[in-house]
Structures are given as structure tokens and as C-alpha cells.
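Notes for the one structure printed next.
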Amino acid sequence: MRILRVALILIAFSFINTSLFAQSAAGGSTFEDAVPFCTNDPVFSTPFEACFAGSTDSSCSNVAEAGPDYGCLGSQPSPTWYFLQIGQDGDIDFQITQNTAIDDDGTPTGTGLDVDYIIWGPFSDIDVFDQLTAENIESCSFSSAAVEFPTITGAQEGDFYVFMVTNFSNVAAEIFIEQISDPASAGSGATDCSIVSASIGRDQDVCEGTTVTLDATSADAVSYLWTVDTGAGFMPVLDGSGNQVTTATLDVTTTGEYQVTITNVDGDDGADEAVITFLELPNPNTTPDALEVCDTITDIDADGDGVIDAGSGSNTDGFEVFDLTPAITQIANGEQVDVIVYTDLTIAESNPDDTSQAITDVTTFTNTVVGTQTLYARVERNVPGNSDIDSNGNLCYVVVPFEVIVNALPVLTQQDTFTYTICEARDTTDTMASVNLDNLADKVGLLVAPQIKNDFIITYHELEPQAAANTDALSTPYEVTDGQDLFVRIENVQTGCLNFTSIVFTVGTRPDAFRALNLVQCADSANSIPGQIQVATFDLTQQNETITGNIAANTVNYYTSEDDAENMVNVIATPTAFVNTENPQTIFARSVNAARTCQSDDIIEFELFAQPLPYTNLTDEGGPFCVDEITGESLDSFVIDGTVESPQPGANYTYAWRLDGNPNPVSSVSVVNVDAPGSYELTITAEYGGGILCDYVAEAVYIAESAPVFEATVVESSFNTGGLYTVEISNITGANPDSEYVFAVDDGPFFNSTILTNVRPGTHTIFGKLANGNCSVSEVEIDIIDYPRFFTPNADGFHDTWNIIGLGVAPNLNAKIFIFDRYGKLLKQISPVGAGWDGTFNGQPMPSSDYWFRVEFTEVDEEGTQRTVNGHFTLKR
């Protein structure tokens, strides 16, 4: 129970302070000490302690104070005072109960006692002591009833009402005031709980492991102080730093009476208490052993539809029947508890009153999840009385998960009897064979992966009952006869689950093997690197017929070492294309009985020889071969040598040179004279002992190259005003159409261009040659007709005469050239092939001046155009 003690300003209540007060376990004994309460929040709907004669509460009074008009109350023994505020307009029906004992939820559990009351109101605030008059009485009753039913009619939001309740019997009692009209119904009012908002709630019984948050939040509070009484009086509640807790809320995890003292903005303070009791949880075994069974043939109807589920009813379905009793006993841990088992954790943690979804028969539970399933045991303490029931009426509980496991049987690769063929012991008859039982399971392929033999105890027995009883297990090695059965017991080391099968043995015969000749063949490719072996691809199966004695039903296994052949491991995987790793290399072979896969006792040996190819290197030969650009005739000849580079002792070599695929050799020795372009192919044949012939073919290709055949054309007409000309190279041909050429003018540099620029007038030679190569140079002459712009007839050997340049060749040998002075007087007619004009007239030197000329000539073009050109030049002295 909680008691609220409030220090008030002496002038009585003020509305501004009402938010400080919490609904108390006792009403005030005077008007000044009236306690706020409300009825529409279960947090605040708790019983009040009544005052009575002999109460240890010093604040209680035996009679009501003088002043108010008490209306119908003929007497007012042991009064308690309360007030409330209206939060919603409407009529409010109350029920006031007085009883020697009332539960926190308002249920009377003792003896009813006469309760009387009076209600004053409405008021706009609670500073109304002098207004408690007859005119303001809202309701009053002085009956002998233990339950009264007052009504406030037409209540308005915000109004206050004052209650006084008396204890006519004057014995220890509790008072419970509740609203019985529904605030949600039309015309019904409701109280305002904000005036008691500082309450930290009712006493609570909670289960261990729960955190209870006490909330004393108040709008007008400026400080909070928390204390707790755990049996030695109230002591400060300390935080992690050792300081008293001063927050509005407090998280509680241990039993005690917790008190908060609140101070408001006006300096008023009040306190509220709540007893929080943590009920002891059950102490179950939280790590019970899993219940494990082996899979057997069990029909399952998990959904209860009366139809056996698909896939069930076999020893591989993962469903079995469990007796959960051993796990329940372990979990109970010797305590007086109830253990209820569920398949779902959420349901296990839900309302304990609903056990419809619990496992009903724990002795015959069939798992609903294949293989491993987790079940949830809800453990509730079951001690006589209510000491284990929390404030919500629930028993404290712990949920313990545990597993039921259906262990799979050892899974075999087949359900039928296994068959195993084993070869007869060497040099014995075909009726007996020795079996290594240690690796027989792997040899037979007994277990489905990823199971491995080491996870099981596998024993072999001559009789089926022995396997079932695990008696008379056989030891290894064990001699079997053709057609004999052995019975196999397979036990999982971890789970002990069993499976059984049997093996039927077939004892196969070993075939004979016969000697074979060595295999000799040419190497796959030429190898001229010193120290490296010659390799060839051998078809070993060509020895099969010999080694098996021509028995078509038998095959041959080939090995690269004698140890592998002895142990019959590492068989050559592709005997039809075996590449030797040594030269020579020894191969080991055993004949194989194809029907029984038994190999011969005898191991046959033969050698592989890879004979080297007669290699010669012609990679440095071949290339351009120079020919005349006009006739195509060879301009040179030379000899190339194809002699074998690494001749083998005892080998004979022959040579055949062929030109351009002609079958007739041009040379039958190691050298050949190259006097024409083309493909020179050399075939060298090496003849080894035993008639082995190995050929090697090399080739040297010579490509015809020549200087270019071309035409050179002057792009501009004669007498170009600039005096410089462009020559274009065209119609270029040569022995090799893919060749590239360069060209030059006279002794100038070669250019990889067919346009030659800035060529001066006169006769020039244009040269052409290969851009790369040392073949001949071809040439073409051109004439460019023009005239000197000046001359200096001063006998110094430079420009002493003047004549038309490039005109003195056909077809202009007879061209006419006339020279005039500036007045048009003819001074001289000269020939294009003559010495030219020396600058005189009638033997007399002409003065420095400009002079004129006229030339009549044939243009050097395709049409041979007749032209007359006039111009002038300068004579300088």
C-alpha cells in the first residue's frame, strides 16, 4: 500500500498545485488534507485506507471538523476527504465500497462495513472551504449500506467536487471509489486524472527478471528524490556513480518499498510509495539432454487429416514417436513445478490459461519437423497458495528449449544386395580370393557421400543372425569363394543407429600376358635444342593384340613404372595418345580380363623409341631476289646449304630440293643453287635401323624484286612564270606488285613520294629504286623548257651567254629564237643548239638593259602543240 503525505500552504488548496499530488492509499483527515483522485485510469483506481478509532495514522481524526454543512450526515465519525476534477461533460455514476479487505483491482474480499458520504460542488477551484454549504451539496447518504451509489448530474469539464466519506463502524477498513457509468456512452462524463499524474502506481508483484519502471513525472516538479526500504528503513537509491537518483523515472529490479519525494515550483513537496515484490522464478534445468531416436518405419499424419503424409512410413522420412517424460523430469529439476510443452516459442510465452496448443500427450509425441525439432517447456512454480502469481494473475514461468532428434540410419548407396568382384589370388585357382575387410566398404561403395567409413563401425559376418546380434565378426584378411555372401552391420559411431546389408562375391580369373616388341617411331616435331629429349605420340593399344594373345574379350592396362604395375594403380589414362617423357622409355603392361577386370600375374615390359627428325634450319634463308625490271632475268645467283644439323650415328640421309612444287628435284644433295625466285622446298629423309624412315621438310622462299618501271611527267607548261616545276611519277610497275619505291632528281636525295617539287628548267634524270633492298636503280630523262631571267656577259665563265633552256633536243632541234631590243629592233636570231647570244650587236657590246625574245617551238606534251612564246630578260654588265 502507498501513503501520500503533502505539505500544503496553510490557506488550503490551490488548483495550480494539484498536479503534484498522487492518489493516496488514505484520504485526508481534514478538508485541508483532501486527496485528489480519479476513476477512469486503472493505474489510479486503487483502494484508500479508511481512518478509524485507534488508527496508528496520527493524521486521522475521530470527528469531522466544524464549519462545513454536512447535510444528511447525522454524524461524521473518522472522516476521509477527497476531491476530483471533471475531464468530460456529462453525468457520472459512482460506486463507493467500504470493506475490511479490498484487492488492488477493487474486489472486496473481507466484510462489508457501513459507509456514508457527502459531495459538494461544482467549484471552479478547490479553495472552497467556506463554500461547503447546503446550497452546494451535490449528493449525500447516511444509510447503513456497505456500498453507496452517488451521482454527479450535468458535470462540466474543469469543475471540481469535494468528497467526504465516513467510517460509521469505526474499525480498520478500506474504501474503493469507482465510476460505474461508461465514459464512452452518450451523455456520460469522466474524471480528469491529470491532477494525480505524479503517482508512481500501485503495489506490484512481478516475476524475477522483469524490469519495473516507476514514473513520477509531474509538470510542476523541479526535483525528484528516490529512496527504498528493503527492511532496514528508507535509504537513498544510488546510481552507478554512488549518487542518489534524481530522475523522474526509476527502473526497479529488486524487491522493496520505493518512495519518490517531489518538489514543485512553489517549493511544495510530496511523496508517493509503491511496494514492488519480485516473485522467485522456477529453477529448472535449462540444459536438458536432447531426446534422440533412430529413424524407423513410422506412419505420420502430422496435419491430422486422417491421411498418412507423403514420404512418411519409411526409415528415411525423419519422423518418429517420442516419450518426452525423461526431458520433462530433467527440466523440473526436482522442484514443485508444472511443465507444459509447446512446439512454438511464441505460444509458450503467451497466456498460460490457454493450453489448447500445448502437446497433449507427452508420452507419444511425433515430431512435426523432419530430423531435429526444438520444443519449448513452460515451467511454472506450483506451490500451494498465490505466492507465485503476479499482479496480472499469471504464474511466474521460465521457458526451456530442448530438442528431439530423429537420427538418420546409415545411408547406403543401394537397398539391394551389393555385388563385388575380386580377382583370384596370384598363382592360385579361381575359386578363392583374399579380401581386405578394412577397406571393403570403400571398394564396394557402401556409403552415400559425404558419409565416410571412419564415422561408422562396420563389421562383416558369415550369417545374418550374427550381424543382427553383433557376434562373430570376421577379421581381415578373409578368404572368400566364388558366389559367397557376407552380411554387413553398419553402426553410426555417434548415434548408434544401425543399418544392414549383404555382399555377394564373384572371384574372377587372371588372364595370361605375352611379350611384345619395342615401339619405334619418329618424333612429333624437330627438336634441335641440346639436352632435350625427343618426344613422340605413341598408340600403345597397337600392342593389345600381342599382349592378350589375340583374345578380343581382354584388354591391356599400361603403366609408366613397375611399382604402379605391381600395385595396379595409376593406369595410363589415354594409351592411344601417350607422349613419352623419357627416350627411350620403358612401359609396363598387364592383360585384363574385361568381364572381371582382373589383371594378369605377369607384367610385360617394352620400350618406346622416339627417333629424331633430320632437322635443318632454313629460317635465315629466303627473302628478296633481284631481277631485271624490264626482262625479268635474274641479276644474281647463290648457293644455300640444307645439311642436317645434328646427324645421328648409323643414320643415312637423303636430300631432295624442289622448286615451286615441281615433283622433279632441282638438286639431290644438301646444297642447291638459287638462280631464280620461287619456293625452294627441301625434304630430308633419315633412314634408321629396322626400316624406320623419318622425314623433315624445310623451305626457303625467294620473292622477285626489281627497280621500278615508271613515267615522269612535268606538271606545268613550259615557260612557267615562277621558273620552278613539279615532276609527277606515274604508271609504276615492278617485279613485285607489293614493293615500295623511292625516287630522286639527278644526284639529289630519294623520297618515298611520287611528286617531286621545285625542279629547275633543263634536262634532268629521275632515278627509282626499292625502298628496302639492294637491287638495281632505274632512270628516266625529262626536259623542262624555260629561259634565264638574266645573264652577265663579262667573260667570268658564269652566265656569259643567253639561250632557251631545254630546247636543244628533239623535237625542237630547229626551233627559232629571236632577240629584240626594247624598241623591237631585231638584234639576233639564235639556234637552240648553238652557243646562244653573247650580248653584242654587230660586234659591239650592248648596254645593260631589258631585251625581248620570241621563240617558236613544239611543246613537249602528248599532242606536240606548236607554240610561240614572247618574253624579256635582263643583260647585266
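Per the numbering used here, residue 107 is the first one in the sequence shown, and the count goes up by one each step.
Using N, Cα and C, we set each Cβ at its ideal position, and we do this for glycine too.
Item                                                                                                                                                                   : Value
Three-state secondary structure (DSSP) at D591?                                                                                                                        : strand
State the CB to CB distance for the pair Y482 and P516, rounded to an integer number of angstroms; the pair is presumed to be in contact (CB under 8 Å).               : 31 Å between Cβ atoms; not a contact.
Output the residue ranges of the alpha helix (DSSP H) runs that lie fully inside the segment 797-826 and measure 4 residues or longer, sorted by chain position.       : none
Please confirm whether I923 and F959 have their CB atoms less than 8 Å apart.                                                                                          : yes
Which same chain residues end up closer than 8 Å to L932 when comparing Cβ atoms and leaving out the 5 residues on each side of it in sequence?                        : F924, I925, F926
Check each candidate in T661, C144, N488 and name the one with the smallest Cα separation from V152.                                                                   : In the sequence as displayed, the identity of residue 152 is Thr instead of Val. Nearest option by C-alpha distance: C144.
If you count every other CB in all the chains shown that lies within 10 Å of the CB of N858, and 16 or more means buried, which is it?                                 : exposed
Buried or exposed for R621, please, with buried defined as at least 16 other CB atoms from any protein chain shown within 10 angstroms of its CB.                      : exposed
Can you give me the Cβ contacts of A629 inside the same chain, cut-off strictly under 8 Å, excluding the 5 residues immediately before and after it?                   : Q640, V641, A642, A716, Q717, P718, L719, C800
In angstroms with no decimal places, state the Cα-to-Cα distance between Y988 and D956.                                                                                : Residue 988 is absent from the structure shown; the chain starts at 107 and stops at 983.
I'd like to know whether the C-beta atoms of V886 and A813 end up nearer to each other than 8 Å.                                                                       : no
Would G748 pass as a contact of T722 if the rule is Cβ separation under 8 Å?                                                                                           : yes
Taking 8 Å as the threshold (C-beta atoms), are A170 and V221 in contact?                                                                                              : no
DSSP on V865, reduced to helix/strand/coil?                                                                                                                            : strand
Run through DSSP, which three-state label would V550 get?                                                                                                              : helix
What residues are listed by DSSP as bridge partners for D467?                                                                                                          : DSSP output for D467 lists no bridge partner at all.
Which same chain residues end up closer than 7 Å to Y330 when comparing Cβ atoms and leaving out the 5 residues on each side of it in sequence?                        : A322, T352, T353, A354, V366, I368
Assuming the contact rule is C-beta atoms closer than 8 Å, E284 and F189 should be a hit. Round their C-beta distance to whole Å, please.                              : With 8 Å as the limit, E284 and F189 do not qualify as a contact, their Cβ atoms being about 16 Å apart.
Between V476 and T519, is the Cβ-Cβ spacing less than 8 Å?                                                                                                             : no
Whose C-beta lies closer than 6 Å to the C-beta of Y584 among residues of the same chain, with five residues either side of it excluded?                               : V541, L543
Output the distance between the C-alpha atoms of P690 and N545, rounded to the nearest integer angstrom.                                                               : 38 Å
Are V510 and Q463 touching if we call contact CB-CB under 8 Å?                                                                                                         : no
Kindly indicate which three-state DSSP category L765 falls into: helix, strand or coil?                                                                                : strand
Count the C-beta pairs between the segment 227-239 and the segment 248-268 that are closer than 8 Å, then say yes if the count reaches three, no if not.               : yes
Rank S740, E530, E805 by C-alpha distance to the C-alpha of G589 and give the top, closest one.                                                                        : E530
Three-state secondary structure (DSSP) at I563?                                                                                                                        : strand
Based on Cα-Cα distance, which residue from P256, D211, Q204, V626 lies nearest to W226?                                                                               : P256
Among the residues of its own chain, which have a CB less than 8 Å from the CB of V343, if the five just before and after it don't count?                              : W332, T333, V334, Q350, V351, L356, Y364
What separation, rounded to the nearest whole angstrom, lies between the Cα atoms of T336 and D311?                                                                    : 15 Å
Mapping DSSP to helix, strand and coil, what is E668?                                                                                                                  : helix
Considering only their Cβ atoms, is the gap separating M952 from G942 smaller than 8 Å?                                                                                : no
So, is H978 buried or exposed, given that buried needs 16 or more other C-beta atoms within 10 angstroms?                                                              : exposed
Alpha helix (DSSP H) containing T789: first to last residue?                                                                                                           : First-last for T789: 784-794, but that is the beta strand (DSSP E), not the alpha helix (DSSP H).
For L919, count neighbouring C-beta atoms within 10 Å of its own C-beta (all shown protein chains included) and say buried if the count is 16 or more, exposed if not. : exposed
Within its chain, find whatever has a CB closer than 7 Å to the CB of A632; leave out the 5 residues flanking it on each side and keep chain order.                    : L719, Y721, Y802
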